[in-house]
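J.: In our numbering, the protein residues as written are -15 to 148.
#1: Which residue marks the beginning of the alpha helix (DSSP H) containing residue 128, and which one marks its end?
#2: Answer with buried or exposed for residue 102, where buried requires no fewer than 16 other C-beta atoms within 10 angstroms of its C-beta.
#3: What residues are listed by DSSP as bridge partners for residue 140?
#4: Since residue 89 sits in a beta bridge, which residues does DSSP pair it with?
#5: Exposed or buried, residue 131, counting other C-beta atoms within 10 Å across all chains shown (16 or more means buried)?
#6: Would you list the residues sitting across from residue 57 in a DSSP beta bridge?
#7: Taking a contact to mean a Cβ-Cβ separation below 9 Å, would you say residue 23 touches residue 51 in this structure?
#8: Applying the criterion that 16 or more other CB atoms from any shown protein chain within 10 Å of the CB defines a buried residue, is residue 124 buried or exposed?
#9: Which word fits residue 95, buried or exposed, when buried means at least 16 other C-beta atoms lie within 10 angstroms of its C-beta?
#10: According to DSSP, is residue 119 part of a helix, a strand, or is it coil?
#11: Determine, using beta carbons only, whether residue -6 and residue 55 come nearer to each other than 9 Å.
#12: Cα separation between residue 115 and residue 60?
#13: Apart from the five residues just before and just after residue 113, which ones in its own chain have a Cβ nearer than 6 Å to its Cβ?
And the structure:
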C-alpha cells in the first residue's frame, strides 16, 4: 500500500521494515530503494520508534495505524521525513497523527502535502470520523501545517490539541 502525492510517495513500514529502521538503516534503504535523510534515529525519537515497533509486532493486522510511514521524495528517492498514526481509531472515531522532517527539508511544503494525504486516507477508513494532533505551545511550524490542512485548535493546556 502506498499513498502518492505530487512530490512524495508515502510508504507504511511493515514490522520487519520498522525493525530494519531501528537496527540497520542501510538494509532498509536497499529494500526500499531510497536514501534516508530524515530525522536522526537517536534519543527520544528512536525510543518512540522502538515502542511503535513493539506494538506493531503484537498487532500486525493493524500495522497501518501503528507503524511509521516514510515520506519519500519521488524525484530522487530521498526519505525527507516520516509520519504515523499513533494508534487505532478510538471509540469516538478519532485517530492521532504525528510527523517529523529532516531539518534540511523543512519549509518546502513536504509535511503539509503528506499530512493532507494521510488525513484524506484516514477519513476514508471505517471507524474514522476525525484526525487529531498535539503540538507544543511554541510549535508554530507544526501548527501552521495543521492549519493549512484544515485542523482547528480544540484546546490548550500544557500542549495544544487540534482536530480535523
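Built from N, CA and C at the ideal position, the CB exists for glycine as well.
Note that the coordinates shown come from a computational prediction; the quantities given were computed from them, not determined experimentally.
T.: Put simply:
#1: 124 to 132
#2: buried
#3: 144
#4: Answer by DSSP bridge pairing: none, since residue 89 is not bridged.
#5: exposed
#6: -8 and 62
#7: no
#8: exposed
#9: buried
#10: strand
#11: yes
#12: 30 Å
#13: 77
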